[in-house]
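Colleague: With UniProt numbering, letter number 32 in the sequence shown gets 32, and the count goes up by one each step, no holes. For each residue, glycine too, the CB sits at the ideal point set by N, CA and C. A quick note: this is a predicted structure, and the numbers were derived from the prediction, not measured.
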Amino acid sequence: MDRRQALRLLAASAFALGSTRPALAASGGPRKVVVIGAGILGAAIGYELAKRGAEVTILDRTGPAAGATGNSFAYLNASTKASSRPYFGLNWLGMAGWRAWQQEPGAALPLRWGGAVYWRGDAAATQQLAASLGTVRGWGYSGQAVDGADIRRLVPSVTVSGDPSGAFFPEEGSVDPAEAVAALLARARQLGARTVFPAEVIGLIVAGGQVRGVRTREGGLTADAVVLAAGLGSGTLAQSLGVPLPLTSSPGILVHTRPQPPLLDRLVFAPHSTIRQTVDGRIVSSSSGHEGGGGTGDPAAIGQAILAGAADYLPQIRDAAIERVTIGQRVLPGDGFPIVGFVPKVDRLYVAVTHSGVTLAPVLGRWAATEILDGARIDLLDSFRPARFAA
1 MDRRQALRLL AASAFALGST RPALAASGGP RKVVVIGAGI LGAAIGYELA
51 KRGAEVTILD RTGPAAGATG NSFAYLNAST KASSRPYFGL NWLGMAGWRA
101 WQQEPGAALP LRWGGAVYWR GDAAATQQLA ASLGTVRGWG YSGQAVDGAD
151 IRRLVPSVTV SGDPSGAFFP EEGSVDPAEA VAALLARARQ LGARTVFPAE
201 VIGLIVAGGQ VRGVRTREGG LTADAVVLAA GLGSGTLAQS LGVPLPLTSS
251 PGILVHTRPQ PPLLDRLVFA PHSTIRQTVD GRIVSSSSGH EGGGGTGDPA
301 AIGQAILAGA ADYLPQIRDA AIERVTIGQR VLPGDGFPIV GFVPKVDRLY
351 VAVTHSGVTL APVLGRWAAT EILDGARIDL LDSFRPARFA A
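(1) Less than 7 Å between the C-beta atoms of residue 158 and residue 364, yes or no?
(2) Taking residue 375 as the reference, which of 322, 362, 231 and 224 has the closest Cα?
(3) Consult DSSP for residue 312 and reduce its assignment to one of helix, strand or coil.
(4) Under 7 Å between the Cβ atoms of residue 168 and residue 136?
(5) Over the uninterrupted alpha helix (DSSP H) stretch that includes residue 234, give me the two end residues.
(6) Buried or exposed: where does residue 203 fall if 16 or more other Cβ atoms within 10 Å of its Cβ makes it buried?
(7) Quick check on residue 277: buried or exposed, where buried means 16 or more other Cβ atoms within 10 Å of its Cβ?
(8) State the start and end residues of the unbroken beta strand (DSSP E) segment that holds residue 250.
(9) With a 10 Å radius around its C-beta and 16 neighbouring C-beta atoms as the bar for buried, classify residue 262 as buried or exposed.
(10) State the DSSP-derived secondary structure class of residue 55, mapped to helix, strand or coil.
(11) Flag this pair as touching only if the segment 114-132 and the segment 228-237 have three or more C-beta atom pairs under 8 Å; answer yes or no.
(12) Specify, as a first and last residue, the run of the beta strand (DSSP E) that residue 322 falls within.
(13) Does the segment 196-211 come close enough to the segment 174-188 that 3 or more CB-CB pairs lie under 8 Å?
(14) Tell me the rounded alpha-carbon separation between residue 117 and residue 134.
(15) Check for me: the alpha helix (DSSP H) holding residue 87 runs from which residue to which?
(16) Residue 157 by DSSP, collapsed to three states: which one?
(17) By how many angstroms is the C-alpha of residue 70 removed from the C-alpha of residue 174?
(18) Checking the sheet assignment: what are the DSSP bridge partners for residue 286?
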């Protein structure tokens, strides 16, 4: 077994912790759980709770993947998290979690694992990329420095000018976020979960210092525990109980073309464009990193400009038809890191809000279910608890 296989096994083993726990919590523990939000985190938590035999209801005011998830570039990685080792580690476990989900019976997840190729257009950005590569490699992550010839070999369809220095992260990938949510919700329903869309939660029911359910515009639902996984909406609901969840948003624009012939097995992070190809052939691109750059003005015109920029590197798509331009609001916790766990002041109210939710969904889904049903405390989440924002 080589080093890469050993590290992958270690990560997958860490993700699997908790999978052999009892089917349900001990007598008196939560059995009926309401999950607010049907983005990738809500779907993941709902699915993992249902696997454990909980009685799960998943609510969303619009529908599955209707918010930040559906507008995500859905880049599965840990290489962009070099500023924080705990956050890096959590994302790495999330990547392992996607591989574990992929191995489950009946799995049909739209995943691609070709890796990610980076190069930059100026000296400062190139140095920063090299520094990040060095950091994550020092933490055991797979990555290598590449030159222009390497980049042309890795992505032969792509036009590369000169002889840039870059990086290749071979174990990274991507997923279609909306299809992944649909698959997770379908699995959850097969296990007995109930999904209700649209269902807008307008308040939380609390008695005796403990959450007892939720109020929707159609009526109330009782629960032994409630999960806030509704992105920006989680902050509003928490604040109604005096629980601070500082969240902001940032716009991101992505272009999605109609299906194209096979062009890319890997994600491409060029100096002014980010490009990936989905399992069904669509090209997804942004003009500013994997988050999708913001912008104002006519979305169609912005979309054409983004596509033109991508075509500078992938000329085959210059005349591709744009199927849609998505403008999403990325959820950003106040300090940039996930907010995960039970809130102070209100018992059995669990929060899961984060940036990079697509990468993190499997590990947060598994560990949230463990903490909710078993009363366990996963210490690898201690850096990310909501209590850090308490006055």
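Modeller: Let me lay it out:
(1) No. Outside cutoff.
(2) When only C-alpha atoms are compared, the closest one is 224.
(3) In the three-state reduction of the DSSP assignment, residue 312 falls in the coil class.
(4) Contact: no.
(5) Per DSSP, residue 234 belongs to the alpha helix (DSSP H) from 232-239.
(6) That one is exposed.
(7) With a 10 Å radius around the Cβ and a threshold of 16 neighbouring Cβ atoms, residue 277 comes out buried.
(8) It spans 247-257 - the beta strand (DSSP E) in which residue 250 sits, taken as one unbroken run.
(9) That one is exposed.
(10) Residue 55 sits in a strand when the DSSP states are folded into three classes.
(11) These segments do not touch.
(12) From DSSP, the beta strand (DSSP E) with residue 322 extends over 322-333.
(13) These segments do not touch.
(14) Going from the Cα of residue 117 to the Cα of residue 134 covers about 15 Å.
(15) Run containing residue 87: 85-102, per the alpha helix (DSSP H) assignment.
(16) Three-state result, residue 157: coil.
(17) Our two residues, residue 174 and residue 70, have alpha carbons roughly 13 Å apart in a direct line.
(18) Residue 286 pairs with 274.
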